[in-house]
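Colleague:
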Amino acid sequence: MTRIAHRIAQCASLAEVRQNIDRLDRELVTLIAERGAYVKQAAGFKKTAAEVPAPPRVVQVLAKVNALALEVGAEPAVVDATWRAMIAAFIDSERLHQAALHPPAPQAN
């Protein structure tokens, strides 16, 4: 039995399944918002746009969440695809915040 399996309610209807999924979606979006706030903070520590993507950190995060997926019984392919998409979106967001916090110096004419 996976770590999460004992917490899953046996639903009596599709409506109940959807109600639980909706509840989880709300929690997930709240956590994504929290993660986004930390991404904005990270942008403040990165002085150049080149620092934003941080490929070694991406590799580290993917390894961590893929291992966690196995530990808790999540589908590794779903977790990997979800995190890759989320990381890409947060990199785009962080680039915007980094550029706003550290605009490039004006070029001399």
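Numbering (UniProt numbering), first residue to last: 1 to 109. Note that beta-carbon positions come from the ideal geometry of N, C-alpha and C, so glycine has one too.
#1: For a minimum of 4 consecutive residues, which ranges assigned as the alpha helix (DSSP H) are wholly contained in the region 38 to 84?
#2: Residues in its own chain within less than 6 Å of residue 40 by CB, not counting five upstream and five downstream?
#3: In this structure, how does DSSP classify residue 102 when only helix, strand and coil are distinguished?
#4: Taking C-alpha atoms, which residue in 14, 36, 101 lies nearest to residue 91?
#5: For residue 72, count the other beta carbons within 10 Å of its own beta carbon; 16 or more makes it buried, fewer makes it exposed. Which is it?
Modeller: If we stick to the structure as given:
#1: 55 to 72
#2: 97
#3: coil
#4: 36
#5: exposed
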